[in-house]
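All remarks here apply to the structure that follows.
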Amino acid sequence: MNKMLRFKLYAYRNRLAPMVVLVTVPWVAIAPWAPGWMLAVSLALLFICAWLLFLHVLPTPPATRRATDDRRLSDAEIAGMRRSDQHAQELLARWASMTHESKLQLDEVDQHVTEVMTHAESAVVEIGKRFVEVTRKTRRQVELAVGLLSRTGGDAAEEGAVPDSLTDYIHASDALLKELGGQLSTLGEQLAALSARQEAVREDSKRIDGALDQLAGLASQIRVLALDSSRRGTSDNRAFVEMTDRVRDLSLTADESSRAIRRTLEDIKSQASSTDNAIRTLAMQARDAGRRSNEQVSALTGATLNKMQEVHGALGEIGELGSRIQADINQIIIELQFQDITQQKLQRLRAPMLAELAASWITMFEETRAFNQKLAGRAPEAAEPPRTQPFRVSRKNAAEGEKPKPAPQATEAGERRDDGSRVELF
Amino acid sequence: MAAILVVDDSTTMRQMVAFTLSSAGHSVIEAPDGAQALALARKQKFDLVITDVNMPGMNGIDLVQNLREVPDCKFIPILVLTTEAGAELKQKGRSAGATGWIVKPFNPEVLLDTLKKVLD
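Residue numbers (my numbering), protein chains in the order written: chain L, 1 to 426; chain G, 1001 to 1120.
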């Protein structure tokens, strides 16, 4: 302030006296008629007003020379230096403005990059978690599948081993059926033996029929002999003896036939008894086998059903895990989309902003170089405006289409994730 | 199963969409920009087109408009899949002939449900 006042006094040094005279003329003009106190007050006010006028109304003239200027320099040199100084001041102001704008832009870029990094980090963490989940569920699926295979693919060949797998139970059912088949086969053989015995009984019956026919024949012959004897009477002793011999022979034959029939009947009785025993035994064996088979089949069926339920449960769990894995994969797809969207937005932001910054810095560089050349004395009197166009540092001046779009707002990870697409059908 | 044309300048996004659609049994053809999509649409017939909006060269809205002039694409559903959710842009898409508007990121299940709706 003091320096400025001194400069102003110096600049108006030649006009101060006329100005004082000019200002005091009205006071001098009214002095003869005004009272003394008024003249004193008005004189004081006059000086105060003049001082204020000098300080605040009179413009500071462009300084060709100042009190502090080196007197050995010419006015032209001083003026050139003044212009250079003014240019330097403007340049520095531009530098400051541009630096400020650049800082704002860089802050914005930094904010976007930070957001992108946050998004990327969050997405990577989320994807990692999902992959871990998918891996865990897949492993569980594999375990279930292996368990299922062990349930359905056990080794039934081990002797005396307790069946555990579905295959074991199927093998056991197969063995049981084979055993049942074997027993039925044995039963068939035994029935065939019984049939043979029945055949033998039929043969014996035929023999009995023969013997009975023979006996009937003998009875017929005896009746004939009885008729002959009654006809012949007692006339012929010789014939009677012959007839008696014949009757004796017939009696012997009949006796023989009776014994044969008795033997046959004994045989038949024995065979019938044996057959009856065999049938009873077979029936018992068949009943026992049937009961055992029934029990075993019931047990095997129950165990097989249990195993089937276990297999069904395991398959259900595998299916459910598959659904969860699908959901995780869907989430991974969403996270990858977040990544991609963020990357695209950053790319759209980067190109125009960095281009603007580069252009601004290049402009400043050109201006600085030109100014430097002037200072170096190559064109000391040029003092021409900068050759380059005024630089712009604000993205507001950028073309509408090139405007970078803001990156998605970074919020809490939980809030940020919009898992459902917003769909609108026209 | 439908033949679907997916148009997006982002390879990742195209792959995500293609993965989702092909997993559901659809046949997917990809195009990185509107010009290629238009050329493909003139060469072969598609049951549905899914396009992004912000693409180099021809944008999605223009692509929809141009596709509607292709005889085979006159009546097929065209879905716009984009990050943009502004009402004005949606109205532009609708006026251009888009069938639906899906905002990214899309949920695969929702995308498939939407496809089913528009294809039925």
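Ideal Cβ placement from N, Cα and C applies to all residues, glycine included.
{"Asked": "Please report the residue range of the beta strand (DSSP E) in which ARG72 of chain L lies.", "Found": "Element bounds for ARG72 of chain L: n/a, residue is neither H nor E."}
{"Asked": "Can you pull out the residues from the segment 334–345 of chain L whose beta carbon lies closer than 7 angstroms to at least one beta carbon of chain G?", "Found": "ILE334, LEU336, GLN337, PHE338, ASP340, ILE341 and GLN344"}
{"Asked": "Can a CB atom of chain G be found closer than 8 angstroms to the CB of LYS403 of chain L?", "Found": "The pLDDT assigned to LYS403 of chain L is 38, lower than 50, so where the model puts this residue is not dependable; a value taken from the coordinates is nonetheless given after this. With 8 angstroms as the cut-off, LYS403 of chain L does not count as an interface residue toward chain G."}
{"Asked": "Let me check one thing: in DSSP terms, what residues is THR1082 of chain G bridge-paired to?", "Found": "G:VAL1103"}
{"Asked": "Under a three-way DSSP split, which group does ALA1003 of chain G fall into?", "Found": "strand"}
{"Asked": "Identify each residue in the segment 36–63 of chain L for which the Cβ-Cβ distance to at least one residue of chain G is less than 8 angstroms, and report them in chain order.", "Found": "none"}
{"Asked": "VAL20 of chain L: which of L:TRP37, L:LEU52 and L:ARG6 sits nearest, CA to CA?", "Found": "L:LEU52"}
{"Asked": "Near SER394 of chain L, what residues of its chain come up, given a Cβ to Cβ distance below 7 angstroms and the 5 sequence neighbours on each side ignored?", "Found": "At SER394 of chain L, the pLDDT of 34 sits below 50, so the modelled position is not reliable and the matter cannot be decided from this model."}
{"Asked": "Would you give the residue range spanned by the alpha helix (DSSP H) that ALA17 of chain L belongs to?", "Found": "16–30"}
{"Asked": "Go through its chain and collect everything with a Cβ distance to GLN141 of chain L's Cβ below 6 angstroms, but skip five positions before and after it.", "Found": "ILE318 and LEU321"}
{"Asked": "What is the residue span of the alpha helix (DSSP H) that LEU1112 of chain G lies within?", "Found": "1108–1119"}
{"Asked": "How would you label CYS49 of chain L, buried or exposed, when you count the other beta carbons within 10 angstroms and need 16 or more for buried?", "Found": "exposed"}
{"Asked": "VAL1007 of chain G to ALA120 of chain L, Cα distance in whole Å?", "Found": "25 angstroms"}
{"Asked": "Could you check which residue in L:ALA76, L:ALA200, L:TYR169 and L:PHE338 has the C-alpha nearest to that of THR118 of chain L?", "Found": "L:PHE338"}
{"Asked": "Tell me which same chain residues have a C-beta within less than 7 angstroms of the C-beta of ARG1042 of chain G, skipping the five on either side of it?", "Found": "VAL1070"}
{"Asked": "Within the 8 angstroms Cβ cut-off, does THR1083 of chain G reach chain L?", "Found": "yes"}
{"Asked": "Quick one: does GLU415 of chain L have its CB under 8 angstroms from some CB of chain G?", "Found": "Bear in mind that a pLDDT of 40 at GLU415 of chain L, under 50, signals an unreliable position, so the number given afterwards is only what the model happens to contain. For GLU415 of chain L, the answer is no, since every Cβ of chain G falls outside 8 angstroms of its Cβ."}
{"Asked": "Any idea what DSSP makes of ARG422 of chain L, helix, strand or coil?", "Found": "strand"}
{"Asked": "Is the separation between the beta-carbon of GLY1097 of chain G and that of LEU1079 of chain G shorter than 8 angstroms?", "Found": "no"}
{"Asked": "Using the C-alpha atoms, what's the distance from THR135 of chain L back to LYS178 of chain L?", "Found": "46 angstroms"}
{"Asked": "Locate the beta strand (DSSP E) running through VAL1185 of chain G, then write down its first and last residues.", "Found": "The structure shown has nothing for residue 1185 of chain G, since chain G only spans 1001 to 1120."}
{"Asked": "For LEU9 of chain L, tell me which candidate among L:SER293, L:PHE54, L:ALA226 and L:ALA299 has the shortest Cα-Cα distance.", "Found": "L:PHE54"}
{"Asked": "Is it buried or exposed for ASP228 of chain L, if we count other Cβ within 10 angstroms and need 16 for buried?", "Found": "exposed"}
{"Asked": "Which one of G:ALA1003, G:VAL1110 and G:LYS1045 has the shortest CA to CA distance from GLY1025 of chain G?", "Found": "G:ALA1003"}
{"Asked": "Strictly under 8 angstroms for the Cβ-Cβ distance: is ARG422 of chain L near chain G by that measure?", "Found": "yes"}
{"Asked": "State the DSSP-derived secondary structure class of GLU203 of chain L, mapped to helix, strand or coil.", "Found": "helix"}
{"Asked": "With C-beta atoms as the reference, is ILE222 of chain L less than 8 angstroms away from LEU250 of chain L?", "Found": "yes"}
{"Asked": "Count Cβ pairs between the segment 76–83 of chain L and the segment 325–334 of chain L that sit closer than 8 angstroms; are there 3 or more?", "Found": "no"}
{"Asked": "Count the other CB atoms within 10 Å of the CB of SER360 of chain L; is the residue buried (16 or more) or exposed (fewer)?", "Found": "buried"}
{"Asked": "Report the start-end ranges of each beta strand (DSSP E) in the segment 1012–1040 of chain G that is 3 residues or longer and not cut off at the edges.", "Found": "1027–1031"}
{"Asked": "Using a C-beta to C-beta distance shorter than 7 angstroms, which residues of chain L count as neighbours of GLY1057 of chain G?", "Found": "In chain order: nothing, as chain L lies at least about 13 angstroms away."}
{"Asked": "Measure the CB-CB distance between LEU187 of chain L and LEU282 of chain L and report whether it falls below 8 angstroms.", "Found": "yes"}
{"Asked": "For PHE131 of chain L, return the contacting residues in chain G, with the cut-off set at a CB-CB distance below 7 angstroms.", "Found": "Residues of chain G passing the Cβ test: none, with the nearest at roughly 16 angstroms."}
{"Asked": "ASN330 of chain L touches chain G at which residues, Cβ-Cβ below 7 angstroms?", "Found": "ASN1107, PRO1108 and GLU1109"}
{"Asked": "What's the C-alpha gap between THR388 of chain L and GLN89 of chain L?", "Found": "Low per-residue confidence applies at THR388 of chain L: pLDDT is 39, beneath 50, and the placement is therefore not dependable enough to give any value."}
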